[in-house]
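S.K.: Before I ask anything, here is the structure I am working with.
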Amino acid sequence: MNELLDPLLLARWQFGLTTVYHFLFVPITIGLATSAAIFQTAWYRTGKLEYLRITRFFGTIFLINFAMGVVTGIVQEFQFGMNWSEYSRFVGDVFGAPLALEGLLAFFLEATFIGIWIFGWNRLPRGLHLASIWIVAVGTILSAYFIIAANAFMQNPVGFQINEERGRAELVDIWALLTNPVALAAFPHTIAASFMVGAGLIISAAAWHLARNQHLDTMRPALKFGLWMMVVSGVLTVVFGDQLSLAMVATQPMKMAAAEAAFDTVCGADASFSLFTLGTPDGSSELFSIRVPYLLSLLSTHSFDGCVEGINDLRAQYQELFGPGDYTPILWVTYWSFRWMMGLGFLHIFVALVGLWLTRKGRMPKQAWVWKAAVWSFPLSLAAMIVGWVFTEMGRQPWIVFSQLFTESAVSPNVSGLDVLISLVAFTLIYGALAVVEFKLIIRAVKQGPPELAEPDPETGRVEQPTTVY
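Numbering-wise (the numbering used here), the sequence shown opens with residue 26 and increments by one.
Right under this line is the structure:
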């Protein structure tokens, strides 16, 4: 019973639950904001009504996700003070800068100009109205950067000094914080992956209508756009992910070793990438594996004869640096989350490539299974991002701030396990209700399809906007 009411365990579960739930909306919002801006730009330049209909259609879905993301994101900040007060005290001076920039600059741009975009139809000049959605898109990306910069401090602490008297980290170089090598590598990887998620939603929504042979004038170009966006952003995600892996090896070698279940330091041909590995129960050695020679060395060092430090050697190094203890993350979580992240992402890119082939030169497949596969493929890249986040955070354990603060030392000392359990149950029920609302709103918006719009007024060039949208 005491283990079930362990405040640390419950606080970690609660933070994981609320963060994963909030993260469901973030990449969709980033991907759809930029997509809506591109669609509206196409309408602005060509005057074709179908591009305006696509803009309004996916703009509605974007707004639903944006609103839900704001609501669920607020909870994250409350948790820092509620369950993680020691962590908040330790990093508060450092995190204050990027989080303030995120709120006062990035979110201000999003919240202000999203209102202008919603209510500016036929009230603002078309160019200014187009600029508003582009500012919103830029704001979502800026917001992501500041959050990633804060998270990167947890992976690779820079730009700070420890105040021994107060026992906390204090910011001394904000530029070092904002240009953290981990942040610079993680940011483009995350944004490209978010575009994959947005593309996946566009593909699924367009495929649902095309399977029913409806809204062909709008859903055909939307499908084509989504397929190409998936392929291009997928390739960029892989390229930027490679750079992130180099930063990870340089700053957190134990995470890479755990991701590969590499128990011993290996070089060259021995530094192979394991497709499947089984280890001893205590995680000290390997029992069985299926491996690709040289691939781990190539991924980790960009050379065929590079060396990758193993778990056992790193354990000994960390024990010498930080004292007795086990500095190995949960191997099965890091190992399999790393592979699920890559596998799901590559699978979604493959789906898009198949879709481009089947729809080449204006073809529309007749087989029902093709459209069903397109519709149900949406969760692939989103699930890849979620397990990627799990890998990033769980691979850092037992540290909450790498090399500076243990996770077990960061939990609030005066919060009981029962208190955390009550809030965990409450959040789970509330988030469950919000999930039902979100799902129904998205499904209804998708099924409604793009709005019917009148032809532009020949004198003013304005298009009568539907009152039921937004």
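Built from N, CA and C at the ideal position, the CB exists for glycine as well.
Using only alpha-carbon positions, find the residue among A62, L252 and H214 that is nearest to S402.
M.R.: Stepping through the sequence shown from its first residue, residue 402 is reached at position 377. Of the candidates A62, L252 and H214, the one whose C-alpha sits nearest the C-alpha of S402 is L252.
S.K.: Looking at C-beta atoms only, is the number of pairs between the segment 439-446 and the segment 122-132 that lie closer than 8 angstroms three or more?
M.R.: No, because fewer than three Cβ pairs between the segment 439-446 and the segment 122-132 fall closer than 8 angstroms, the two stretches do not touch.
S.K.: On the premise that T59 lies in contact with L5, defined as a C-beta separation below 8 angstroms, what is that separation, rounded to the nearest angstrom?
M.R.: Nothing can be reported for residue 5, as the shown portion of the chain is limited to 26 through 495.
S.K.: On the three-state DSSP scale, how would you describe F185?
M.R.: By one-based count along the sequence shown, residue 185 stands at place 160. Strand, per DSSP.
S.K.: Using the rule of at least 16 other Cβ atoms within 10 Å of the residue's Cβ for burial, across every protein chain shown, is V428 buried or exposed?
M.R.: Numbered from 1 along the sequence shown, position 403 holds the residue referred to as residue 428. One point to set straight first is that residue 428 is Ser, not Val, in the sequence displayed. S428 comes out exposed.
S.K.: My output table needs one value for W109: the three-state DSSP class, helix, strand or coil.
M.R.: As a working note, residue 109 is residue 84 in the sequence shown. W109: coil per DSSP, three-state reduction.
S.K.: Exposed or buried, G121, counting other C-beta atoms within 10 Å across all chains shown (16 or more means buried)?
M.R.: Residue mapping note: residue 121 aligns to position 96 of the sequence shown, counting from 1. G121 should be labelled exposed.
S.K.: So, is P150 buried or exposed, given that buried needs 16 or more other C-beta atoms within 10 angstroms?
M.R.: Walking along the sequence shown from the start, residue 150 turns up at place 125. P150 should be labelled exposed.
S.K.: What did DSSP end up calling I336 once you bin it into helix, strand or coil?
M.R.: Taking the sequence shown and counting its residues from 1, the one referred to as residue 336 is at position 311. Helix, per DSSP.
S.K.: Starting from V445, trace the alpha helix (DSSP H) both ways and give me its first and last residue.
M.R.: Locating residue 445 in the sequence shown gives position 420, where the first residue counts as 1. Where V445 is concerned, the enclosing alpha helix (DSSP H) stretches over G442 to Q473.
S.K.: Inspect the beta-carbon positions of A61 and I158 and report whether they are closer than 7 angstroms.
M.R.: The sequence position of residue 61 within the sequence shown is 36, counting from 1. The sequence position of residue 158 within the sequence shown is 133, counting from 1. Cβ distance < 7 angstroms, so A61 and I158 count as in contact.
S.K.: Please name the residue in A341, W361, A218 and T85 whose C-alpha comes closest to that of V256.
M.R.: By 1-based counting over the sequence shown, the position of residue 256 is 231. Closest option to V256, Cα to Cα, is A218.
S.K.: For the candidate residues P182, N188 and L134, whose alpha-carbon lies nearest to that of T165?
M.R.: The sequence position of residue 165 within the sequence shown is 140, counting from 1. Taking only the C-alpha atoms, the option nearest T165 is L134.
S.K.: Taking the straight line between their C-alpha atoms, what separation do you get for A247 and R237?
M.R.: Taking the first residue of the sequence shown as 1, we reach residue 247 at position 222. Taking the first residue of the sequence shown as 1, we reach residue 237 at position 212. Straight-line Cα distance between these residues: approximately 15 angstroms.
S.K.: Just how far apart, CA to CA, sit W142 and M93?
M.R.: Position 117 of the sequence shown, counted from the first residue, corresponds to residue 142. Position 68 of the sequence shown, counted from the first residue, corresponds to residue 93. Each residue's Cα considered, the two are about 18 angstroms apart.
S.K.: Under the assumption that A175 contacts P123 (Cβ atoms under 8 angstroms), give the Cβ distance between them as a whole number of angstroms.
M.R.: By 1-based counting over the sequence shown, the position of residue 175 is 150. By 1-based counting over the sequence shown, the position of residue 123 is 98. At roughly 4 angstroms, the Cβ-Cβ gap stays under 8 angstroms, so A175 and P123 are in contact.
S.K.: Compare the beta carbon distance of A283 and P354 with 7 angstroms and say whether it is the shorter of the two.
M.R.: Looking up residue 283 in the sequence shown gives position 258. Looking up residue 354 in the sequence shown gives position 329. A contact, by the Cβ cut-off of 7 angstroms.
S.K.: Straight-line CA distance for A399 to I55?
M.R.: In the sequence shown, counting from the first residue as 1, residue 399 sits at position 374. In the sequence shown, counting from the first residue as 1, residue 55 sits at position 30. C-alpha separation (whole angstroms): 21 angstroms.
S.K.: Looking at the strands, I want to know which residues DSSP matches up with A208.
M.R.: The residue labelled residue 208 in the question sits at position 183 within the sequence shown. Paired residue(s): none; A208 is not in a bridge.
S.K.: Could you tell me which residues DSSP pairs with V291 in its beta bridges?
M.R.: Counting from 1 along the sequence shown, the entry for residue 291 is found at position 266. In DSSP, V291 forms a bridge with V333.
S.K.: Any idea if F265 is buried or exposed, counting beta-carbon neighbours within 10 angstroms, 16 or more meaning buried?
M.R.: Reading the sequence shown from its first residue, position 240 is the one you call residue 265. Its Cβ being crowded by 16 or more others within 10 Å, F265 is buried.
S.K.: Below 7 angstroms CB to CB, which residues in the same chain sit around L234 once its five sequence neighbours on both sides are set aside?
M.R.: Against the sequence shown, residue 234 aligns to sequence position 209. A quick correction: the sequence has His, not Leu, at residue 234. Once the five neighbours on either side are set aside, the close Cβ partners of H234 are H240, M244 and G474.
S.K.: So, is T492 buried or exposed, given that buried needs 16 or more other C-beta atoms within 10 angstroms?
M.R.: The sequence position of residue 492 within the sequence shown is 467, counting from 1. Since pLDDT at T492 reaches only 46, below the 50 mark, its modelled position is unreliable, and no value is offered.
S.K.: Can the beta-carbon of D242 be found closer than 7 angstroms to that of T290?
M.R.: Within the sequence shown, numbered from 1, the residue matching residue 242 stands at position 217. Within the sequence shown, numbered from 1, the residue matching residue 290 stands at position 265. Taking 7 angstroms as the Cβ cut-off, D242 and T290 do not qualify as a contacting pair.
S.K.: Taking C-alpha atoms, which residue in A408, A377, L407 and L167 lies nearest to V395?
M.R.: Counted from its first residue, the sequence shown places residue 395 at position 370. Nearest C-alpha to V395: A377.
S.K.: In the DSSP assignment, find the beta strand (DSSP E) that holds V426 and state where it starts and stops.
M.R.: The residue you call residue 426 lines up with position 401 of the sequence shown. Note, V426: beta strand (DSSP E), W424 to V426.
S.K.: Could you have a look at R421 and say whether DSSP puts it in helix, strand or coil?
M.R.: The residue given as residue 421 occupies position 396 in the sequence shown. R421 falls in the coil class under three-state DSSP.
S.K.: Taking only three categories from DSSP, how would you classify R37?
M.R.: As a position in the sequence shown, residue 37 is number 12, starting the count at 1. Looking at R37 - three-state DSSP - the assignment turns out to be helix.
S.K.: Would you kindly check if the distance between the Cβ of V207 and the Cβ of A272 is under 7 angstroms?
M.R.: Translated into the one-based positions of the sequence shown, residue 272 becomes position 247. Translated into the one-based positions of the sequence shown, residue 207 becomes position 182. In this structure, V207 lies closer than 7 angstroms to A272 by Cβ.
S.K.: Restricting to Cα atoms, I'd like to know which of F452, V450, F363 and E334 is closest to G420.
M.R.: Residue 420 sits at position 395 when you count from the first residue of the sequence shown. Residue F363 is the option with its Cα nearest to G420.
S.K.: Could you tell me if the beta carbon of A218 falls within a distance shorter than 6 angstroms of some heavy atom in the ligand PLP?
M.R.: Of the ligands one can find in the structure shown there are none, so the ligand PLP has no counterpart to examine.
S.K.: Thinking C-beta only, is L269 closer than 7 angstroms to A177?
M.R.: Within the sequence shown, the letter at position 152 stands for residue 177. Within the sequence shown, the letter at position 244 stands for residue 269. No.
S.K.: Considering only the alpha carbon of each residue, which of V450, M389, K472 and I86 lies closest to A224?
M.R.: For this step, residue 224 is matched to residue 199 along the sequence shown. Measuring from the Cα of A224, the nearest candidate turns out to be I86.
S.K.: Kindly list the residues whose CB is nearer than 6 angstroms to the CB of K280, restricted to its own chain and excluding five residues on each side of it in sequence; keep chain order.
M.R.: Residue 280 sits at position 255 when you count from the first residue of the sequence shown. So the list reads M273 and G420, once near-sequence residues are dropped.
S.K.: Let me know the secondary structure DSSP gives P134 once reduced to three states.
M.R.: Your numbering for residue 134 matches position 109 in the sequence shown. According to the sequence as given, residue 134 is Leu; it is not Pro. In this structure, L134 counts as helix in the three-state DSSP scheme.
S.K.: Do V412 and M367 have their CB atoms nearer than 7 angstroms?
M.R.: Taking the first residue of the sequence shown as 1, we reach residue 412 at position 387. Taking the first residue of the sequence shown as 1, we reach residue 367 at position 342. It is not a contact, given that the beta carbons lie outside the stated cut-off.
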